[in-house]
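Okay, so here's the structure we're looking at.
Residue numbers (my numbering): 368 to 713.
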């Protein structure tokens, strides 16, 4: 059997690696990575070693902004992809299916075989809840949505691949299954429109442990690690700041150590937290949890709505959310956290 994983982020890579080393270990496993993160040399080397065939291309974070430069970028990518995707696959796993390069990959695979299984690979929190209920860009208005459809479906030759069962990532009609970490907590329309397949704890750990080294961290037992979302993702940042400051003061009074972990792309910080001990922001949350796995019983992971909370739970940590103090309302988020055993402080 031949499998193709089309990934964009480190979270996607973890799942692809875990599956390729787990249930598909006897298959030929190939990877196309549109890198939407700073891919360090040592991680790139590991990725290339873990897959039978690996193609790495620029992702959406490459800085390409103008329309003409983006069109040229996609044309160049398609030329590379056309030369790379030349044999049919039995299974194709994809995320970020709203992007033209991914749709081109899917179209290329479909042209090679109509027997290929097309599967959506979980993209973090989206299958469980939406982070912010806003719409922007060409998806905001019906007319621009129509123009986008005509451009990609007909002018770019994507054809029927562009057709959707529902709007949003993972909505392409081509997808019949979703491979996910928590199938029992998947929300509508994903849970009714797709067959759900569970990614096991063992496969998830295989992905993390084969992609990352353990770090030497000076963290004491019975500590709290605060996983912060990117600050501009909070609808009411002042409320989040207030509850975090109260938490910091309360833990200090109880002589409990607090370590703060910023989002890797964070470019600001609240002055009131300057006296906190910060962990290296470039270390991914999953790498952090791997390094602390032997201390899982004595470390409490705390956050608001970060995807890092669900991965901490998957790796066996005690996890608490401050979401009720953020000023936001999101029933899907609350139900998801409750279903997977994340405690919500009221």
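Heads up, the beta-carbon is just placed ideally off N, CA and C, and yes, glycines get one too.
Asked, Found
"Nearest neighbour of residue 465, chosen from 537, 496, 484, 660 [CA to CA]", "537"
"Three CB pairs or more closer than 8 Å across the segment 463 to 483 and the segment 525 to 534", "yes"
"Beta-carbon proximity check, residue 630 vs residue 606, cutoff 9 Å", "no"
"Helix, strand or coil at residue 540 according to DSSP, with G and I counted as helix", "coil"
"Status (buried if at least 16 other CB within 10 Å, exposed otherwise) for residue 370", "buried"
"First and last residue of the uninterrupted alpha helix (DSSP H) at residue 641", "Taken as a continuous stretch (DSSP letters only), residue 641 belongs to no alpha helix (DSSP H), as it is neither H nor E."
"Helix, strand or coil at residue 376 [DSSP, three-state]", "coil"
"Euclidean distance between Cα positions of residue 478 and residue 634", "44 Å"
"Beta-carbon separation (whole angstroms), residue 681 vs residue 579, contact threshold 8 Å", "Not confirmed; about 15 Å, so no contact."
"Other residues of its chain near residue 444: CB distance less than 7 Å, five sequence neighbours each side excluded", "424, 468"
"Rounded separation between residue 696 and residue 602 - CA only", "10 Å"
"Beta-carbon spacing of residue 460, residue 401 below 9 Å", "no"
"Beta-bridge pairing of residue 626 - partner residues as DSSP gives them", "592, 644"
"Alpha-carbon spacing of residue 589 relative to residue 420, whole angstroms", "43 Å"
"Beta-carbon spacing of residue 640, residue 615 below 9 Å", "yes"
"Coil, strand or helix - residue 494 by DSSP", "coil"
"Counted within 10 angstroms of its Cβ, other Cβ atoms place residue 458 as buried (16 or more) or exposed", "buried"
"Three-way DSSP call (helix, strand, coil) for residue 460 in this model", "strand"
"Helix, strand or coil at residue 451 [DSSP, three-state]", "helix"
"Assigned exposure category for residue 581 - 16 Cβ within 10 Å defines buried", "exposed"
"Nearest residue (CA-CA) to residue 672, options 480, 576, 550, 600", "600"
"Through-space distance from residue 374 to residue 399, alpha-carbon basis", "6 Å"
"Buried versus exposed, by CB contacts within 10 Å (16 or more), residue 561", "buried"
"Residue 608 (DSSP reduced to helix, strand or coil)", "helix"
"Cβ neighbours of residue 316 in the same chain (closer than 7 Å, five flanking residues each side left out)", "With the chain covering only 368 through 713, there is no way to say anything about residue 316."
"Inter-residue CB distance, residue 638 and residue 488 (contact presumed, cutoff 8 Å)", "No, residue 638 and residue 488 are not in contact; Cβ-Cβ is about 40 Å, not under 8 Å."
"Close beta carbons around residue 645, own chain, < 6 Å, minus the five adjacent residues each side", "627"
"Contact under 9 Å by Cβ, residue 709 with residue 662", "no"
"Straight-line gap, residue 700 to residue 559 (C-alpha atoms, nearest Å)", "18 Å"
"Beta-carbon spacing of residue 592, residue 655 below 9 Å", "yes"
"Cross-strand partners of residue 401 (DSSP beta bridge)", "424"
"Same chain, Cβ closer than 6 Å to residue 651, five either side skipped, listed in chain order", "377"
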